[in-house]
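This report refers to the structure that appears directly beneath it.
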Amino acid sequence: MTDVAAIPVLDLTAASSGALLRRRILAHRGLLIGTGLLTFIVMVALFAPLIAPHDPYAQDLSRRMIPPVWYEKGNWAHLFGTDNLGRDYLSRVLYGSQISLLIGAAVMVISGLIGTALGLAAGFFGGRVDMIVTFIITVRLALPLILVALAVVATVGGSLWVVILVLGLLKWDRFAVVMRAATQQVRVLDYVAAAEAAGASTLRVIVGEVLPNVLPQLVVVATVEAASAILLEATLSFLGLGVQPPLPSWGLMIAEAKTYMFFSFWLIAIPGTALAILVFAVNMVGDGIRDVSAPGGRG
Amino acid sequence: MAVLLEVEGLTVDIATARGTLHAVRDVSFSLQSGETLCLVGESGCGKSMTALALMGLLPRAAQRSARRMRFEGNDLAALPERRLAELRGARMAMVFQEPMTALNPAYTIGDQLTEVHRRHKDSTMAVARERAVALLEMVGITNAAARLGQYPHQLSGGLRQRIMIAMSLMCGPSLLIADEPTTALDVTIQAQILRLLVELQRDLGIAIVLITHDLGVVARVAHRVAVMYAGEIVESASAADLFAAPRHPYTRGLMASIPVPGATRPGDRLGVIRGIVPSLIGDVGGCAFRDRCDFAQPVCARTVPVRSDGGHDWRCILGEAVAA
Amino acid sequence: MLIYALKRLGLAVLVAVVVSALAFLLLRASGDVAIALAGEGARSEDIENIRRIYGLDRPLVVQYLDWAAKMARGDFGTSLFFKTDVHALVLDKLPTTALLALFSLIFALAVSLPLGILAALYPNSWIDRLCLALAVIGQALPSFFFALILMIVFAVMLRWLPVSGSNSWAHFVLPTVVLGYYIAPAIMRLVRAGMIEVLASDYVRTARAKGLSSSSVVLKHALRNALVPVVALAAVQLGFLLGGSVVIETVFALDGLGYLAYQSITHKDLPVTQAIVTLLSLIYVGLTLAADLANAWLDPRIRVGSGT
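Protein chains in written order, with this note's numbering: chain S, 13 to 311; chain Z, 537 to 860; chain C, 3 to 310.
Encoded structure:
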């Protein structure tokens with residue numbers, strides 16, 4: 013069966029793999045949009061103190077529930093209006109980005125370290141190590157994550173760092189599963205055997221040969237987990253068992269606005285949309301990296 | 537013998553990122569009923585694409601056009617897909633190269649055999665099963681009734697290919713297209729399958745288009761041969777004529793590269809065709825073989841005459857067989 | 003197949019035991035339970051009292067074994083907040099959550115399967131892009147936010163559905179849609195990817211070459227093979243739904259296990275929380291075992307073995 017791709021075509025103008033990668037990246041609209049959005053949000057988070065027009069914690073009960081500027085009663089002093097305690101919503105949203113990004117990044121790193129270590133070990137050593145790690149993963153998967161997180165936070169008390177730790181220590185399963193599979197694939201390739209034959213220490217082989225080659229998959233999983241962590245924190249905070257007031261966590265802002273949402277829809281719409289945009293951007297980046305590093309098209 | 541299949545000017549273009557790939561270029565041939573035509577050529581020459589074009593199984597990115605494509609009085613090019621599907625499997629059938637993956641692992645052999653009969657002949661399960669058993673026996677499979685309940689993974693490659701052949705014959709087609717049916721099999725099984733095809737043709741009167749890269753296979757089964765190179769048919773003749781007096785330099789190069797039992801001695805050099813197949817993307821004019829041909833002339837870059845000599849056609853400026 | 007099933011069963015049992023121990027430990031160890039139980043401003047002697055009453059001064063292992071033994075007998079203790087038998091409490095709320103999970107899964111499948119198949123049949127067409135857009139939005143939208151929006155639109159503005167509660171079928175509609183939309187993207191992507199791969203396979207080409215109708219090719223030949231990983235995912239999603247419904251149930255005040263879990267957690271009702279976490283874990287283990295076996299059965303290579 014003639015596979016079109018197998019038809020021998022000599023293209024003397026074939027670009028180097030670096031240039032080819034760059035071309036693929038530039039052609040992938042999703043990746044560009046995602047990266048652009050994400051960069052924008054990161055900039056916002058970094059420069060929030062400079063950009064925010066007001067102090068996000070400053071209450072002014074004489075200026076409660078002012079709608080955003082595009083409503084009739086809105087005013088330019090508060091572009092996104094104010095909440096039930098008179099705090100400037102735009103400023104709170106801007107500062108809220110810091111929380112979401114911090115959570116996303118921190119949880120991704122912590123769970124990533126744990127999960128990757130487990131996955132690499134399982135995939136590389138196989139045999140009993142694999143059995144044990146797989147068992148650990150299965151046990152972890154059986155626990156209802158949200159409930160356990162809620163329960164732990166309830167007992168220990170909610171705060172930014174508690175949330176980060178709890179999520180980070182629980183959310184490593186996907187890292188482990190994907191890294192295990194990826195490592196198993198790479199394990200049997202020739203250059204790994206060559207490195208071992210040359211007498212390289214096990215650690216060196218794992219870090220030097222295996223890790224660079226499972227990196228694309230690792231990055232993709234990392235983005236998925238970061239997005240998931242952001243949503244989870246928002247959920248925990250929404251339920252009152254995450255970040256505590258008066259921090260401007262977007263999830264918490266939605267919870268605080270729930271009572272007023274029927275009349276002041278923007279109070280939940282703005283932080284909710286912000287969350288959606290951030291998660292969307294992270295997912296786009298992840299999808300884009302996956303598409304670009306694995307030729308064969310989408311999906 | 538009536539003309540069963542008539543193809544004239546078949547062209548297949550495939551849109552790729554780098555441009556249009558001209559996979560099949562102006563291919564013409566005809567087939568009588570009960571006759572075997574071999575399409576010979578190396579990988580990528582377009583022979584499989586030609587077969588798929590006939591069956592209407594081209595990938596979506598491919599564009600097919602032809603001046604003529606008539607089969608049993610049907611204009612294949614003009615038929616809507618639904619009518620074409622009625623012909624496929626019923627009047628014209630195809631067997632593919634890789635028997636290990638050509639059968640659905642989730643269903644039994646019996647299920648896959650009977651479904652094509654029930655689809656086209658609207659038969660009952662019992663009738664279809666009877667026919668399946670009969671055909672399995674015809675292709676030399678023992679214990680046929682028990683086989684119906686087996687799954688593909690329980691059978692060897694040779695068995696699976698026989699089953700594929702039986703499956704293709706379920707509705708009594710007049711044309712069987714076999715795309716490299718023996719390439720993936722052991723040499724001994726190859727011989728058995730080829731012998732089977734010859735017998736089936738003799739007993740059922742089917743016409744066969746057999747696609748292969750192996751001149752040995754051609755010698756064994758072909759009545760007529762069409763040699764393909766870079767999407768074109770460069771030479772076509774009866775099998776006897778082709779082997780006796782190949783005219784096109786490519787054909788002669790192919791023949792010279794095969795060791796001949798008895799004649800080729802250890803240490804002899806086998807013929808080699810220098811160079812590589814040209815790209816078929818973008819403009820392809822003149823003779824595609826000219827960069828590899830010892831007899832190329834400047835005119836070969838522009839036009840190539842089609843020569844004819846009593847049923848033996850070839851595309852070359854060379855006339856009679858020229859001494860190498 | 004039998005040996006395979008037995009092995010998986012044995013593994014499942016082992017996992018179940020370890021999980022229950024882990025759930026027990028996590029909940030006990032995440033803080034001093036006695037202090038949490040005593041509440042704020044309790045005197046140290048009150049805390050000591052509580053410790054003795056609830057047997058919290060014994061070694062953890064002993065506490066666990068005691069609890070496990072009671073659990074095996076069906077005795078989950080008494081709810082600190084509701085003052086009733088935990089067993090009865092959980093059983094009362096379980097059907098609501100089970101129904102919600104089931105409806106959500108069915109809804110998700112009803113949406114994902116056709117869309118995934120269509121997207122695979124016409125890649126890069128408008129329908130494919132539509133599916134991708136739906137999937138992307140579904141994965142980016144926080145579920146509780148989506149729930150609130152639906153609530154505003156359908157319950158308040160249009161008044162088609164009730165806002166909250168769990169007295170009638172209508173109360174299940176919005177929660178089902180929200181949860182279903184939450185898990186649908188993963189399923190749809192899997193269906194699409196699986197179908198694309200299978201549609202390019204040799205045996206589908208054979209089916210086409212036989213002139214079979216396109217519905218037969220797509221549904222009988224292609225889908226059957228593409229569905230195998232979807233079954234596993236569906237089971238996992240079902241397990242997740244049972245545990246992850248806590249947010250949705252709380253938003254819609256749907257009186258199920260998730261809402262009960264939320265209440266028990268916020269009220270530090272340890273027996274109930276423990277029971278729910280353990281129960282959900284065991285259900286999850288059971289579901290993945292079922293999915294495992296279903297997968298094996300679907301693959302003739304395992305079901306029938308290599309026979310003759």
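Using N, Cα and C, we set each Cβ at its ideal position, and we do this for glycine too.
Small disclaimer: the values here were computed from a predicted structure and weren't measured.
Q.
If the cut-off is 9 Å on Cβ atoms, which residues from the region 287-299 of chain S count as contacting chain C, listed in chain order?
A. L287, A288, I289, L290, V291, F292, A293, V294, N295, M296, D299
Q) From M628(Z), G803(Z), L672(Z), pick the residue whose C-alpha is nearest to that of L732(Z); which is it? A) L672(Z)
(Q) Using C-beta distances below 7 Å, list every residue in its chain close to L296(C), excluding the 5 sequence neighbours before and after it, in chain order. (A) Before going further, note that residue 296(C) is Ala rather than Leu in the sequence given. Cβ neighbours of A296(C) beyond the five flanking positions: V233.
Q | Separation of I742(Z) from L736(Z), as counted between CA atoms | A | 8 Å
**Q.** Proximity of A714(Z) and I747(Z) at Cβ, strictly below 8 Å
**A.** yes
Q.
Which complete alpha helix (DSSP H) runs does the region 672-754 of chain Z hold, if anything under 4 residues is left out?
A. 680-683, 693-705, 723-740
Q | Start-end ranges of the beta strand (DSSP E) lying completely within the region 205-259 of chain S, minimum 3 residues | A | none
Q | Touching by the beta-carbon criterion (3+ pairs, under 8 Å), the region 839-852 of chain Z and the region 820-831 of chain Z | A | yes
Q: Indicate the three-state DSSP secondary structure (helix, strand or coil) for G196(C) in the structure shown.
A: helix
Q: Using a Cβ-Cβ cut-off of less than 8 Å, give me the residues of the region 76-97 of chain C that come near chain A, in sequence order.
A: Annotation note: the requested chain A is absent from the structure, which comprises protein chains S, Z and C.
Q: Pick helix, strand or coil for V539(Z), following the three-state DSSP scheme.
A: strand
Q) In angstroms, rounded to a whole number, what distance separates the CA positions of D658(Z) and A149(C)? A) 52 Å
Q) Could you give the distance in angstroms between the alpha-carbon of V155(C) and the alpha-carbon of F277(S)? A) 11 Å
(Q) Just checking: is the beta-carbon of G822(Z) within a distance shorter than 8 Å of some beta-carbon in chain C? (A) no
**Q.** Among S166(C), G167(C), L152(C), nearest to L160(C) - alpha-carbon criterion
**A.** L152(C)
Q.
Beta carbons nearer than 8 Å to chain C: which residues of the region 92-110 of chain S have them?
A. none
Q.
At the level of alpha carbons, what is the spacing between D500(Z) and I729(Z)?
A. This structure cannot speak to residue 500(Z), because chain Z is shown only from 537 to 860.
Q: In angstroms with no decimal places, state the Cα-to-Cα distance between R303(C) and V141(S).
A: 28 Å
Q | N- and C-terminal bounds of the alpha helix (DSSP H) containing W173(S) | A | 172-182
Q) Exposed or buried, what is T51(S) when buried is set at 16 or more other beta-carbons lying within 10 Å of its beta-carbon? A) exposed
**Q.** T787(Z) classed as buried or exposed, judged by whether at least 16 other C-beta atoms fall within 10 angstroms
**A.** buried
Q: Could you spell out the range, first to last residue, of the beta strand (DSSP E) harbouring S566(Z)?
A: 555-568
Q: Have a look at K85(S) and R99(S) and give me their C-alpha separation to the nearest angstrom.
A: 17 Å
Q | 4-residue-minimum alpha helix (DSSP H) runs that sit fully inside the region 104-166 of chain S, ordered along the chain | A | 139-154
(Q) Short of 6 Å in beta carbon distance, which residues of its chain neighbour V286(S), apart from the five on each side in sequence? Order them along the chain. (A) What sits at residue 286(S) in the sequence shown is Ala, not Val. Only V105, W262 meet the Cβ criterion.
Q) Between E544(Z), R554(Z), G708(Z), M630(Z), which lies nearest to V563(Z) when the distance is taken from Cα to Cα? A) E544(Z)
**Q.** Short CB-CB distance (under 8 Å) between L201(C) and chain S
**A.** no
Q: Report the option in Y107(S), V160(S), P80(S), K183(S) whose CA atom is closest to the CA atom of I278(C).
A: V160(S)
Q) Based on the DSSP output, what are the partners of A765(Z) in its beta bridges? A) Per the sequence presented here, residue 765(Z) reads as Tyr, with Ala not at that position. Paired residues: E768(Z).
Q) Which residues, taken in chain order from the region 224-239 of chain C, show a beta carbon closer than 8 Å to some beta carbon of chain Z? A) R226, N227
Q: Check whether the region 111-121 of chain S touches the region 62-81 of chain S, counting contact only when three or more Cβ pairs, one atom from each stretch, lie closer than 8 Å.
A: no
Q. Does P61(C) have its Cβ less than 8 Å from a Cβ in chain Z?
A. no
Q: Could you spell out the range, first to last residue, of the beta strand (DSSP E) harbouring A629(Z)?
A: 628-631
Q) Taking DSSP as the reference, what is the three-state secondary structure of G309(C)? A) Confidence at G309(C) is low in this model, with a pLDDT of 47, below 50, so its placement is unreliable and the value that follows should be read with caution. Residue state, collapsed to three classes: coil.
Q. Would DSSP call G182(C) helix, strand or coil?
A. helix
Q. Between F607(Z), S584(Z), Q648(Z), which lies nearest to E716(Z) when the distance is taken from Cα to Cα?
A. S584(Z)
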